[in-house]
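Inspection log for the structure reproduced underneath, given as structure tokens.
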Amino acid sequence: MKKITLDPSIAAVVDIENIAHNERVVINFTSDANWVGDFAFKVYNSEKKNSEIVVVNALIVQDNQMTLTLEPAPQNIPDGTKYYEISSVSTKRLLFKGSLKINR
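Numbering (the numbering used here), first residue to last: 1168 to 1271.
Pasting the structure below:
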């Protein structure tokens, strides 16, 4: 398992690539301090955000642990390269963003 430390004071680019369409991938973002507030995970067709792909129950936040669970087939995320964002709902601040590549 690879572990990296990111500075959440700026939007960190984290590309998530080569996830199989029928795979289940769990990604943990751990902070020194507790994550405060509500957070949203959004997927778009591209960085231009022309259309949003609604993904429910993918992000769970508890204390200093943010867990993103990706299951493209059950979550109806189409194959190909998409763009995602994780943001704070209350402050509207972007925390993580990047490409999301789903392979058939």
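By construction, the Cβ of each residue, glycine as well, lies at the ideal position given by its N, Cα and C atoms.
Buried versus exposed call for residue i [16 or more other C-beta atoms within 10 Å across all chains shown]
i: I1244; result: buried
i: K1249; result: buried
i: L1237; result: buried
i: P1241; result: exposed
i: A1200; result: exposed
For residue i, the three-state DSSP class (helix, strand or coil)
i: K1259; result: coil
i: I1186; result: strand
i: P1178; result: Pro is not the amino acid found at residue 1178; the sequence shown has Ala there. A1178 falls in the coil class under three-state DSSP.
i: N1270; result: strand
i: K1209; result: strand
i: E1238; result: coil
i: K1249; result: strand
i: K1216; result: coil
Same chain, Cβ closer than 7 Å to residue i, five either side skipped, listed in chain order
i: G1247; result: I1269
i: I1227; result: T1234
8 Å CB neighbourhood of residue i in its chain, flanking five on each side removed
i: T1197; result: N1231, Q1232 and M1233
i: I1186; result: V1192, L1237, P1239, L1267, K1268, I1269 and N1270
i: V1166; result: With the chain represented from 1168 up to 1271, any question about residue 1166 goes unanswered, as that position is not in the structure.
CB contact flag (residue i, residue j, <8 Å)
i: L1261; j: I1194; result: no
i: A1210; j: G1265; result: Note that residue 1210 corresponds to Val in the displayed sequence, not to Ala. No.
Chain-order list of residues whose beta-carbon lies under 6 Å from that of residue i (same chain, five-residue window excluded)
i: A1207; result: S1254 and V1256
beta-carbon residue i near the ligand ZN non-hydrogen atom, thresh 7 Å
i: Q1232; result: Among the ligands in the structure shown, none appear at all, so the ligand ZN cannot be discussed.
Per DSSP, cross-strand counterpart(s) of residue i
i: N1195; result: T1234
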